[in-house]
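Shown next, in structure tokens, is the structure this report addresses.
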Amino acid sequence: MKIIVTKDYQELSKEAFKVLKTVLDNNPQAVLGLATGSSPIGLYQAMIEDHKNHQTSYQDVVTFNLDEYVGISKDHSQSYYTFMHEKLFNFIDIKPENINIPSGATKDLQQACIDYNEKLSNTQIDIQVLGIGSNAHIGFNEPGTSFESETHIVELKEKTRLDNQRFFDSLDDVPSKAITMGIKNIMHAKQILLLAYGKNKAQAIKDMVEGAISEDVPASILQKHDNVIVVLDEEAASLLKHEK
Ligand code: GLP
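Quick note on this note's numbering: the sequence shown kicks off at 1 and runs consecutively.
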């Protein structure tokens, strides 16, 4: 794992963009794995700026998002479909047909998992962007998820719902389920770029980097991937041994 510690969120986003840009420069047909949450927003802004100022093209890029809530429609203000369009897709030249986001608004959720998994197994993600939950979840793979898991439906932990409550009117409005790529799907990516900032993530980052590899700490499996770059701010890095 390569760990880059930056002084603040702005620097973190710049560093993350450099990594992603290298992938795009080497392969204009890259397959990008994308994440939601506040951590990658600065990276997405950097991509938009770069597209505007340097005409980097996304015409041939394909994207796969990690996850989506179950039980809210695509056009709900807090759906990950809406998030990705508002934060990135509406401002770059990606083709709508190249955007893949799992569907959480369908009656047959098992079929939605099979379909998404099928798409994932026909490709290999060149770079997977990840955030991390304060309980070390990745995507929506909560503690206890099998490392062998593929796309599946999850029951969200109370902690995750509380963390995400800020985006909804009340805790009751936060969906209790989600559809997510599994850990095995995430590990299949050629490269992983994990971003985290703030004190709230410091313990999860320590557990991920220095702790035992355990299904209780989903992100700890990344220790076994041979091409992971972790970009942190000082607060998120504050419990790491070498940062003291
Ligand atoms: C949600 C998403 C995760 C994300 C996490 C952290 O649970 N499903 O993919 O990593 O939030 O979000 P943030 O970056 O806002 O802390």
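All C-beta atoms, glycine included, are put in the ideal place defined by N, C-alpha and C.
Check	Outcome
Buried or exposed for G144, going by 16 or more other Cβ atoms inside 10 Å?	exposed
Measuring straight from C-alpha to C-alpha, what distance separates T22 and Q128?	14 Å
Could you work out which residue in L193, Q223, H225, I221 is closest to L43 when comparing CA atoms only?	L193
For a minimum of 4 consecutive residues, which ranges assigned as the alpha helix (DSSP H) are wholly contained in the stretch 88 to 141?	109 to 121
Would you say the stretch 36 to 56 touches the stretch 142 to 157, given that touching needs at least three Cβ pairs under 8 Å?	no
For F167, is the beta carbon positioned less than 6 Å from some heavy atom of ligand 1?	no
Relative to the C-alpha of D216, which residue among T6, E234, I183 is closest?	I183
Helix, strand or coil for V19 per DSSP?	helix
Comparing alpha-carbon positions, which option in V5, N185, E235, I94 lies nearest Y116?	N185
On the DSSP bridge assignment, give the partners of V228 in chain order.	I192
Between which two residues does the beta strand (DSSP E) holding N65 run?	62 to 65
Roughly how many angstroms lie between the CA atoms of D67 and I179, to the nearest whole one?	6 Å
Below 6 Å, is the gap between the Cβ of G37 and the nearest heavy atom of ligand 1?	yes
Buried or exposed: which applies to Q191, given that a residue is buried once 16 or more other Cβ atoms fall within 10 Å of its Cβ?	buried
What whole-angstrom Cβ distance do A112 and P102 have, given they're in contact under 8 Å?	6 Å
Near K119, which residues of its chain fall below 8 Å by C-beta distance, leaving aside the five closest residues on each side in sequence?	F64, N100
Can you grab the Cα-Cα spacing for the pair V174 / F167, in whole Å?	8 Å
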